[in-house]
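One structure below.
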Amino acid sequence: QVQLVESGGGLVQPGGSLRLSCAASGSIFRSNVMGWYRQVPQKQREFVAQITSGGSTNYADTVKGRFTIYRDGARNAVYLQMNSLTPEDTAVYFCRVNGVGFDHWGQGTQVTVSS
Numbered sequence: 589q590v591q592l593v594e595s596g597g598g599l600v601q602p603g604g605s606l607r608l609s610c611a612a613s614g615s616i617f618r619s620n621v622m623g624w625y626r627q628v629p630q631k632q633r634e635f636v637a638q639i640t641s642g643g644s645t646n647y648a649d650t651v652k653g654r655f656t657i658y659r660d661g662a663r664n665a666v667y668l669q670m671n672s673l674t675p676e677d678t679a680v681y682f683c684r685v686n687g688v689g690f691d692h693w694g695q696g697t698q699v700t701v702s703s
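Numbering (our numbering), first residue to last: 589 to 703.
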C-alpha cells in the first residue's frame, strides 16, 4: 500500500520561503508524475506544480518564477521550494503521485503566509 507523507508546512511572513517535502512509501511505478496541489476552504483543489519521472516540470501561472519542484527518485520523494510567498499562497498543500492505473494523495500540510 502506497502512503504519501507531506512535511514542511508552517507559518511564514510575506516574502519568506518554505520547502515542502513528500515521501512515498510502498511500491511506486517508476513511470509516474509527482505533483503538488493546494486548497483553501470552500474552493476547489488547484494544481500548483508537477514533475514527471523524466524530469519535465509544469507550473501554475500563479507560482511560476517563485516555486520550484524537484524530485529524488532514489527516495521516492518530491519537494516544493516556495519563495516570495504571499498571503494568497495560504492553503493546505497536497502531494500527489499518479500514473497509469494509480493515483495517490497525501493528507496535506498547512501553509500560512501572514505577518
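Backbone N, C-alpha and C define an ideal beta-carbon position, used for all residues, glycine too.
Inter-residue Cα distance where the pair is residue i and residue j
i, j, result
"Gly604", "Asp691", "32 angstroms"
"Tyr625", "Ser703", "24 angstroms"
"Gly661", "Lys631", "32 angstroms"
"Asn671", "Ser641", "24 angstroms"
"Trp693", "Cys683", "6 angstroms"
"Gly643", "Pro629", "32 angstroms"
"Val701", "Pro675", "5 angstroms"
"Lys652", "Tyr667", "15 angstroms"
"Leu599", "Val688", "36 angstroms"
"Gln695", "Leu673", "22 angstroms"
Residues bridged to residue i (per DSSP)
i, result
"Gly623", "Gln638, Arg684"
"Glu594", "Cys610"
"Leu673", "DSSP output for Leu673 lists no bridge partner at all."
"Ile657", "Leu668"
C-beta atoms of residue i and residue j nearer than 9 angstroms
i, j, result
"Met622", "Gln638", "yes"
"Thr697", "Gly614", "no"
"Gln591", "Ala612", "yes"
"Tyr681", "Glu594", "yes"
Own chain, CB closer than 7 angstroms to residue i, minus 5 neighbours either side, in chain order
i, result
"Tyr647", "Ala637, Phe655"
"Ile616", "Val590, Asn664, Val685"
Beta-carbon proximity list for residue i, same chain, < 6 angstroms, skipping 5 on both sides
i, result
"Gln669", "Arg607, Thr656"
"Thr678", "Thr700, Val701"
Own chain partners of residue i with C-beta closer than 8 angstroms, once the 5 adjacent residues on each side are dropped
i, result
"Arg633", "Tyr625, Arg626, Gln627, Phe682"
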